[in-house]
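Just so you know, the sequence shown maps onto residues 1 to 418 in the UniProt record's numbering. Glycine residues also receive a C-beta, built at the ideal position from the N, C-alpha and C atoms. Quantities reported herein were computed from a predicted structural model and do not represent experimental measurements. Contents: one structure, followed by commentary.
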Amino acid sequence: MFNSSAAGGAGNTASGSRLFRYEVVGLRQNSETDKTNYPIRRSGSTFITVPYNRMNDMMQRILRMGGKIVGIEPLNSETLTNGNAAASKSSQSAQSAPAAQPAKMQADSAPAAGAKHEALFEENVPVNIYRPNSPYLGKCVSNEELVGEGGIGTVRHLIFDVSGGDLRYLEGQSIGIIPPGIDKKGKPEKLRLYSIASTRHGDHVDDKTVSLCVRQLEYKHPETGETVYGVCSTHLCNLKEGDEVKITGPVGKEMLLPTDPNANVIMFATGTGIAPFRAYLWRMFKDAERQANPGYQFKGFAWLVFGIPTSPNILYKEELEEIQQKYPENFRLTCAISREQKNASGGRMYIQDRVAEHADELWKLIQQENTHTYICGLKGMEGGIDEALSAAAAKDGVTWSDYQKQMKKSERWHVETY
Numbered sequence: 001m002f003n004s005s006a007a008g009g010a011g012n013t014a015s016g017s018r019l020f021r022y023e024v025v026g027l028r029q030n031s032e033t034d035k036t037n038y039p040i041r042r043s044g045s046t047f048i049t050v051p052y053n054r055m056n057d058m059m060q061r062i063l064r065m066g067g068k069i070v071g072i073e074p075l076n077s078e079t080l081t082n083g084n085a086a087a088s089k090s091s092q093s094a095q096s097a098p099a100a101q102p103a104k105m106q107a108d109s110a111p112a113a114g115a116k117h118e119a120l121f122e123e124n125v126p127v128n129i130y131r132p133n134s135p136y137l138g139k140c141v142s143n144e145e146l147v148g149e150g151g152i153g154t155v156r157h158l159i160f161d162v163s164g165g166d167l168r169y170l171e172g173q174s175i176g177i178i179p180p181g182i183d184k185k186g187k188p189e190k191l192r193l194y195s196i197a198s199t200r201h202g203d204h205v206d207d208k209t210v211s212l213c214v215r216q217l218e219y220k221h222p223e224t225g226e227t228v229y230g231v232c233s234t235h236l237c238n239l240k241e242g243d244e245v246k247i248t249g250p251v252g253k254e255m256l257l258p259t260d261p262n263a264n265v266i267m268f269a270t271g272t273g274i275a276p277f278r279a280y281l282w283r284m285f286k287d288a289e290r291q292a293n294p295g296y297q298f299k300g301f302a303w304l305v306f307g308i309p310t311s312p313n314i315l316y317k318e319e320l321e322e323i324q325q326k327y328p329e330n331f332r333l334t335c336a337i338s339r340e341q342k343n344a345s346g347g348r349m350y351i352q353d354r355v356a357e358h359a360d361e362l363w364k365l366i367q368q369e370n371t372h373t374y375i376c377g378l379k380g381m382e383g384g385i386d387e388a389l390s391a392a393a394a395k396d397g398v399t400w401s402d403y404q405k406q407m408k409k410s411e412r413w414h415v416e417t418y
């Protein structure tokens with residue numbers, strides 16, 4: 001993953017010391033990033049700080065990585081100094097102030113700029129404790145099927161024992177898995193990233209495990225028509241208890257859960273994109289987790305909109321329904337079952353159709369300054385979600401694209417799609 005902080009060094013000249021911030025979208029895996037030891041996944045906007053005398057070089061590098069610069073903002077020492085001071089002051093005030101109340105919804109105002117990243121999320125985020133050249137060797141504790149009878153495909157919930165190492169992680173992060181064998185070029189297989197499906201304490205709440213939600217990739221070869229199975233997903237789905245697995249990471253800061261227990265959390269997921277949201281919801285609502293985290297007792301509102309093809313494909317269905325029954329004022333589950341339900345036009349019900357149905361309600365919730373919105377799963381759902389929310393915002397005279405851009409800057413809009 002591209003490290004934006006590496007470009008932040010000031011130049012040796014007066015003009016070279018001037019800093020600019022690029023807003024970049026579309027960073028992806030390509031021939032340039034294949035040279036790294038880890039893949040890149042799209043995760044919304046990336047903000048890159050670069051000195052004046054390196055602007056051209058950075059532009060070229062962004063282009064090689066498949067990115068597009070959508071904004072350039074000049075920075076200066078006064079801006080940076082005042083920003084740091086404001087963040088410090090905000091942090092001090094937050095410690096002494098009472099719990100925040102939901103902000104009054106105002107359609108004609110843009111979202112607040114928000115505090116610095118450290119004030120909204122965990123300050124000490126573990127990253128790359130284990131790297132591809134020295135992975136952690138974990139062991140499979142369990143491997144269970146999540147798709148019910150009559151469902152489509154296979155999705156496994158895997159738990160790995162990591163008690164023998166120093167792997168630490170937070171909700172919303174990912175780990176890398178290195179499958180055995182060599183690729184078509186005769187080189188060792190590269191790692192694949194998977195969103196972590198467990199809380200930082202693991203499914204057993206003993207800080208000894210990490211869990212994944214993995215669908216076996218299966219598709220027809222476009223030329224031969226033969227069935228092709230994904231290398232790493234098949235490796236994971238076929239693991240047996242006691243089998244070893246090479247683990248790297250953790251990585252990622254885009255999908256971290258806010259530390260504010262009064263925050264509202266909207267989650268849009270398709271298929272195994274539910275993985276990080278399972279971690280969020282378990283941390284919020286599971287009894288053992290609430291006991292293990294006396295400093296985080298969730299009191300906000302969490303809304304999961306989940307897109308799946310059939311009812312048997314509702315992953316973690318029993319647990320989700322249990323949470324909804326126990327915490328009806330704090331959690332809402334809305335499913336879009338494409339092969340069983342119809343949208344308003346009589347076509348298949350996809351997640352964007354459900355968003356359109358509830359767009360006005362979602363828009364009101366999004367306007368609250370303590371609301372964070374997360375999208376995880378197939379990239380194709382983004383356009384439909386934007387279209388639905390654009391229509392709702394337009395009723396209040398608000399341009400959704402502008403509002404969304406401000407949300408990204410205030411770190412309230414989080415995307416991890418593929």
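Item                                                                                                             : Value
DSSP-derived helix/strand/coil call for Pro-276                                                                  : helix
CA nearest to the CA of Asp-260, picked from Glu-361, Glu-322, Phe-301                                           : Phe-301
Identity of the residue in Gln-291, Lys-139, Gly-176 nearest Lys-208 by Cα                                       : Lys-139
Phe-285 (DSSP reduced to helix, strand or coil)                                                                  : helix
Cβ contact (3+ pairs, closer than 8 Å) linking the region 137-153 and the region 276-296                         : no
Where Val-228 falls, given that 16 or more other Cβ within 10 Å makes a residue buried                           : exposed
Residues that DSSP places opposite Ala-302 in a beta bridge                                                      : Val-265, Phe-331
Local conformation of Ile-152 per DSSP, three classes                                                            : coil
Secondary structure of Arg-215, DSSP reduced to three states                                                     : strand
Given 8 Å, three or more beta-carbon pairs between the region 306-317 and the region 331-341                     : yes
For Val-25, the three-state DSSP class (helix, strand or coil)                                                   : strand
Sheet register partners of Leu-137 (DSSP bridge)                                                                 : Lys-246
Other residues of its chain near Val-155: CB distance less than 8 Å, five sequence neighbours each side excluded : Glu-145, Leu-146, Val-147, Cys-213, Val-214, Arg-215, Gln-216, Gly-271, Thr-272, Asn-313, Leu-315
Range of the contiguous alpha helix (DSSP H) that encloses Arg-354                                               : 351-357
Closest residue to Asn-124 among Lys-409, Phe-298, Gly-252 (Cα-Cα distance)                                      : Gly-252
For Gly-71, the three-state DSSP class (helix, strand or coil)                                                   : strand
beta-carbon Thr-371 near the ligand PLP non-hydrogen atom, thresh 7 Å                                            : Only the bare structure without any ligand can be found here, which leaves the ligand PLP out of the picture.
Range of the contiguous beta strand (DSSP E) that encloses Leu-193                                               : 192-195
As assigned by DSSP and simplified to three states, the class of Ile-177                                         : strand
Helix, strand or coil at Asp-260 according to DSSP, with G and I counted as helix                                : coil
Counterpart residues of Trp-413 in DSSP-defined beta bridges                                                     : Thr-373
Three-state secondary structure assigned by DSSP to Thr-234                                                      : helix
Alpha carbon of Ala-288 to alpha carbon of Ile-159, nearest angstrom                                             : 17 Å
Collapsed DSSP secondary structure at Asp-206 in the structure displayed                                         : coil
Own chain residues within Cβ distance below 6 Å of Asn-343, not counting five before or after                    : Met-349, Asp-353
Close beta carbons around Ser-390, own chain, < 6 Å, minus the five adjacent residues each side                  : Trp-400
Residue from Phe-306, Val-305, Thr-373 whose Cα sits closest to the Cα of Arg-412                                : Thr-373
Extent of the continuous alpha helix (DSSP H) to which Ile-323 belongs                                           : 317-326
Helix, strand or coil at Ile-48 according to DSSP, with G and I counted as helix                                 : strand
Proximal residues to Gly-242 (C-beta, below 8 Å), its chain only, five neighbours per side dropped               : Lys-139, Cys-140
Lys-382, DSSP secondary structure in three states                                                                : Before going on, a small fix: residue 382 reads as Glu here, not Lys. Helix at Glu-382.
C-alpha gap between Ala-107 and Arg-61, whole angstroms                                                          : Any reading at Ala-107 is ruled out, since the residue's pLDDT is 37, under 50, leaving its predicted position unreliable.
Spatial distance of Met-381 from Ala-356 (CA atoms)                                                              : 12 Å
Proximity below 8 Å, CB of Leu-365 to CB of Asn-262                                                              : no
Identity of the residue in Ile-178, Met-407, Leu-378, Ala-359 nearest Asp-396 by Cα                              : Ala-359
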